[in-house]
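> Attaching a single structure in structure tokens format; questions to follow.
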Amino acid sequence: MVRKVINRLIGRRYSIDEAINAYVEENASQDELNTVRQMMQNDPVLEKNLSTQQALRDVLGRVDRIESPRSFAITPEMVAAAKRAESGMTRVTELFAPQRKLALAPAIIAGIAALSVALLTIGDVSGLVEQSRADSDESATTSSFATEATVADTKLLFNAEMADGAIEDEAFVDVAESVPVTESGRDVPPTATAELAEPLTKASSDTSEIQSEPAPKMEIGAESEPPALAVGEGAPQLQSDADDSMTITMELEEVGSDGASADAVIAESMDGAEVAADSHKQSSDDGIAIPVRELQLALAALTVLSVIAWTGIRRIHSR
Amino acid sequence: MTSFDEQRLIQLSRDGDYDAFNRLVVEYQDAIFAVVLRTVRNRATAEDITQDTFISAFRKISSYRGGIFRAWLFRIAKNASLDYLRKVARRGESSIEKDIVYFSEIVEDDSQDPLADALNSELARLIVHCLDGLSEDHRFAMVMIDIEGYQYDEAAESIGVSIGTVKSRLNRARARMRDCVQQQPELLPASMRL
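From first to last, the protein sequence lines stand for chains A and B.
Our numbering puts the first sequence at residues 1 to 319.
Our numbering puts the second sequence at residues 1 to 194.
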């Protein structure tokens, strides 16, 4: 709609310009003459103005011709010298020369990036955007690897201790320290860690059952769990908070004492993780959860780089 | 030179034939130099820009995709001229040679009257002064069409805009020139006085 109006206005402007030019150049068509005469009726000064323009054009047309003072024929040496003078940087800057369409590109990029940083900061301060937990979640892959590695460590620890015939408390302290850090990142409250350690400690009191049954199930569970979480639930749920870890730990305890199947345990722990992640999601629905700090840093870097590029290009070009 | 000759010379130039390209240079150097000089208003700079235009044209001739060859040369020259003017403006220098005869100064007049010659000379100076007051885009349009007498399509191709835009710019340029020259009505012919 707006474009139509603009086009109509521009089109009208063009047709008026065309009619006036044709009148001044004395080659107007009948339609153009009618247009100009109609305009003259509305504006009495126009006729005199246009006749002045006709006279001016006549004067300009009588200005002497200019002839070149010398020959501008080129030689191979001139071309070679020009090639040498034109470095790769010059070619790049030529793309962004003031008369090119790309001239303002670096400045526009810098402006947009700076504006985005400002908006993100305002959003962060006002609470419209939140730092996503996955900052934390820097990426699902990284987290998945970390979880896998930690669980594998845990499994080795379990196996080693079970081979000795006893599981010491410190082994579970190690588990309690490692699991929440990798799965929950920095958001794990100390109480959650304590709660996590507790059921595992309980499980350790029943070493005979663990030795007979849970060890291989731990391996199954440990190896299949991280990928299942990563694929099925996505990164945000994978990095859920201490509740997830606690749920999983609780299930481990049940496995140790009841000998329930690993699949059931995994399924239940997944449910637990889902519930925890859902509640977590609800809590973050108040704002848009994005990696604010990373974005701010990236955009700020882009701004600085664009400004440097912009000033550098201008400096080289002016030289 | 026929159009066929021009195309053949262009083709030979693409193959690196300097002699063929220099025939094109001889054909167009006056036109390019005149427009550049009237744009940058400095003879030495105009010579440099004209020379650079032809060197650049030879190096980039493979990118010439048809159309009016002279307009393609004008476009290279125009970019170089505007580039120079912006540099000068950024440094706060003046590129205008105020009293140097680069505009031919004398508007052709058949009369042998010395007074008329003097008035014409003053009128030429006034025109130069008023042209200086135009924006680069308006000046380029006016120089190409009203002074050098090129057609709208060639001017549009040289400037790199549509014909409608050229007409629009020319219309505004003429209006501003009219307002400017009317500030010294004593220099104007009777037909130009309000």
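We treat Cβ as the ideally placed atom computed from N, Cα and C, and that holds for glycine.
Keep in mind it's a predicted model, so treat the numbers as computed, not measured.
Please compile the residues from chain A whose C-beta is within a distance smaller than 9 Å of the C-beta of B:T50.
Translated into the one-based positions of the second sequence, residue 50 of chain B becomes position 50. Ordered by position in chain A, the residues that pass the 9 Å Cβ test against B:T50 are S68, F72.
> Since B:T50 contacts B:A77 with CB under 8 Å, what's their CB separation in whole angstroms?
Here the question's residue 50 of chain B lines up with position 50 in the second sequence. Here the question's residue 77 of chain B lines up with position 77 in the second sequence. Their Cβ separation, rounded to whole angstroms, is 7 Å, which keeps B:T50 and B:A77 in contact under 8 Å.
> Taking the straight line between their C-alpha atoms, what separation do you get for B:S168 and B:D137?
Working through the second sequence from its first residue, we reach residue 168 of chain B at position 168. Working through the second sequence from its first residue, we reach residue 137 of chain B at position 137. About 11 Å.
> At which residues does the beta strand (DSSP E) containing A:V63 begin and terminate?
As a first step, residue 63 of chain A must be located in the first sequence, where it is residue number 63. No beta strand (DSSP E) contains A:V63, which DSSP labels as neither H nor E.
> Pull up the distance between the alpha-carbon of A:L119 and that of B:R65, whole angstroms please.
For the purposes of this step, residue 119 of chain A is identified with residue 119 of the first sequence, where counting begins at 1. For the purposes of this step, residue 65 of chain B is identified with residue 65 of the second sequence, where counting begins at 1. Their Cα atoms are separated by approximately 46 Å.
> Straight-line CA distance for A:L33 to A:A107?
Counting from 1 along the first sequence, the entry for residue 33 of chain A is found at position 33. Counting from 1 along the first sequence, the entry for residue 107 of chain A is found at position 107. Roughly 47 Å between the two C-alpha positions.
> Would you mind telling me which residues of chain A sit closer than 9 Å to B:D30, beta carbon to beta carbon, in chain order?
Here the question's residue 30 of chain B lines up with position 30 in the second sequence. Going along chain A in sequence order, the residues near B:D30 (Cβ under 9 Å) are R65, I66, E67, S68.
> For A:S68, tell me which candidate among B:F33, B:K60, B:W72 has the shortest Cα-Cα distance.
The residue given as residue 68 of chain A occupies position 68 in the first sequence. Of the listed residues, the one whose Cα sits closest to A:S68 is B:F33.
> Find the residues of chain A that neighbour B:F74, judging by a C-beta separation of less than 7 Å, and give them in chain order.
As a first step, residue 74 of chain B is located in the second sequence; it is residue number 74 there, counting from the start. Neighbours of B:F74 on chain A: none; closest Cβ ~13 Å, over 7 Å.
> Just the Cα atoms here: how many angstroms apart are B:R75 and B:S63?
Residue 75 of chain B sits at position 75 when you count from the first residue of the second sequence. Residue 63 of chain B sits at position 63 when you count from the first residue of the second sequence. About 13 Å.
> Go ahead and label B:A31 buried or exposed: buried means 16 or more other beta carbons lie within 10 angstroms of its beta carbon, across all protein chains shown.
What you label residue 31 of chain B is simply residue 31 of the second sequence in a count that begins at 1. Buried: at least 16 other Cβ atoms inside 10 Å.
> Whole angstroms are fine: how far does the CA of B:R91 sit from the CA of A:K83?
Locating residue 83 of chain A in the first sequence gives position 83, counting from the first residue. Locating residue 91 of chain B in the second sequence gives position 91, counting from the first residue. Spanning the two alpha carbons is a distance of roughly 27 Å.
> Verify the CB distance criterion: does A:N27 have a CB-CB separation below 8 Å to chain D?
You won't find chain D in this structure, because its protein chains are A and B.
> Kindly list the residues whose CB is nearer than 8 Å to the CB of A:A289, restricted to its own chain and excluding five residues on each side of it in sequence; keep chain order.
Residue mapping note: residue 289 of chain A aligns to position 289 of the first sequence, counting from 1. Around A:A289: V129, E130, Q131, S132, R133.
> Look at the Cβ atom of B:F270, then the Cβ atom of B:V26, and state whether they are nearer than 8 Å.
Residue 270 of chain B falls outside the range modelled here, since chain B spans only 1 to 194, and no answer is possible.
> Rounded to a whole number of angstroms, what is the C-alpha to C-alpha distance between A:R62 and B:I147?
Within the first sequence, the letter at position 62 stands for residue 62 of chain A. Within the second sequence, the letter at position 147 stands for residue 147 of chain B. Between A:R62 and B:I147, the C-alpha separation is close to 8 Å.
> Interface residues of chain A around B:I147 at Cβ under 7 Å?
One-based indexing of the second sequence puts residue 147 of chain B at position 147. Here the neighbours are L60, V63.
> Do you know how far the Cα of B:M177 is from the Cα of B:S121?
Locating residue 121 of chain B in the second sequence gives position 121, where the first residue counts as 1. Locating residue 177 of chain B in the second sequence gives position 177, where the first residue counts as 1. Approximately 17 Å between the Cα atoms of the pair.
> State the DSSP-derived secondary structure class of B:V181, mapped to helix, strand or coil.
On the second sequence, position 181 is the one that residue 181 of chain B refers to. If DSSP states are grouped into helix, strand and coil, B:V181 belongs with the helices.
> Evaluate the contact criterion for the segment 6 to 25 of chain B versus the segment 46 to 65 of chain A: three or more CB pairs, one atom per stretch, below 8 Å.
The segment 6 to 25 of chain B, when compared against the segment 46 to 65 of chain A, does not touch it at the 8 Å Cβ threshold.
> In terms of residues, what are the limits of the alpha helix (DSSP H) holding A:V79?
Working through the first sequence from its first residue, we reach residue 79 of chain A at position 79. Residues 76 to 85.
> Check the Cβ of B:Y18 against every Cβ in chain A and list those closer than 9 Å, keeping chain order.
The residue you call residue 18 of chain B lines up with position 18 of the second sequence. Near B:Y18 (Cβ distances below 9 Å), the residues of chain A are A73, I74, T75, P76, V79.
> Once DSSP output is grouped into helix, strand and coil, what is the label at A:Q30?
Translated into positions along the first sequence, residue 30 of chain A becomes position 30. DSSP places A:Q30 in helix when its eight states are reduced to three.
> Return the CA-CA distance between A:V125 and B:M142, expressed in angstroms with no decimal places.
As a first step, residue 125 of chain A must be located in the first sequence, where it is residue number 125. As a first step, residue 142 of chain B must be located in the second sequence, where it is residue number 142. Roughly 55 Å separates the two Cα atoms.
> DSSP three-state call for B:Q29: helix, strand or coil?
Counting from 1 along the second sequence, the entry for residue 29 of chain B is found at position 29. DSSP places B:Q29 in helix when its eight states are reduced to three.
> Pick from A:I308, A:N27, A:V307, A:L56: whose alpha carbon is nearest that of B:Y175?
Counting from one through the second sequence, the residue named residue 175 of chain B turns up at place 175. What sits at residue 175 of chain B in the sequence shown is Ala, not Tyr. Among A:I308, A:N27, A:V307, A:L56, the Cα nearest to that of B:A175 is on A:L56.
> Anything in chain B within Cβ reach of A:A20, meaning under 7 Å, just list it in chain order.
Residue mapping note: residue 20 of chain A aligns to position 20 of the first sequence, counting from 1. According to the sequence displayed, residue 20 of chain A carries Ile and not Ala. By Cβ distance, chain B contributes N171.
> Taking only beta-carbon positions, decide if B:K167 is within less than 8 Å of chain A.
Taking the second sequence and counting its residues from 1, one reaches residue 167 of chain B at position 167. Closer than 8 Å to some Cβ of chain A, the Cβ of B:K167 qualifies, so yes.
> Run down chain A in chain order and give the residues with a C-beta less than 7 Å from the C-beta of B:F33.
Numbered from 1 along the second sequence, position 33 holds the residue referred to as residue 33 of chain B. Residues of chain A passing the Cβ test: I66, S68.
> List, in order along the chain, the chain B residues whose C-beta lies closer than 8 Å to that of A:R57?
The residue you call residue 57 of chain A lines up with position 57 of the first sequence. In chain order: D146, R174.
> Rounded to whole angstroms, what's the CA-CA distance from A:S15 to A:R314? Just pull it up for me.
By 1-based counting over the first sequence, the position of residue 15 of chain A is 15. By 1-based counting over the first sequence, the position of residue 314 of chain A is 314. Using only the alpha carbons, I get a separation of about 39 Å.
> For A:D17, return the contacting residues in chain B, with the cut-off set at a CB-CB distance below 7 Å.
For this step, residue 17 of chain A is matched to residue 17 along the first sequence. Under the 7 Å cutoff, chain B gives K167, S168, N171.
> Step through the CB atoms of chain A and report whether any lies within less than 8 Å of the CB of B:R247.
Lying outside 1 to 194, the shown extent of chain B, residue 247 of chain B is not represented and no answer is given.
> Output, in sequence order along the chain, the residues in the segment 108 to 124 of chain A whose CB is closer than 8 Å to any CB in chain B.
Those residues of the segment 108 to 124 of chain A that come within reach of chain B (Cβ to Cβ, closer than 8 Å) do not exist; the list is empty.
> Note down the Cα distance separating B:D153 from B:F69, rounded to an integer number of angstroms.
Here residue 153 of chain B refers to the residue found at position 153 of the second sequence. Here residue 69 of chain B refers to the residue found at position 69 of the second sequence. Cα-Cα distance, rounded: 12 Å.
> Nearest by alpha-carbon distance to B:H129: which of B:T39, B:I61, B:F58 is it?
Residue mapping note: residue 129 of chain B aligns to position 129 of the second sequence, counting from 1. The shortest C-alpha separation from B:H129 is found at B:T39.
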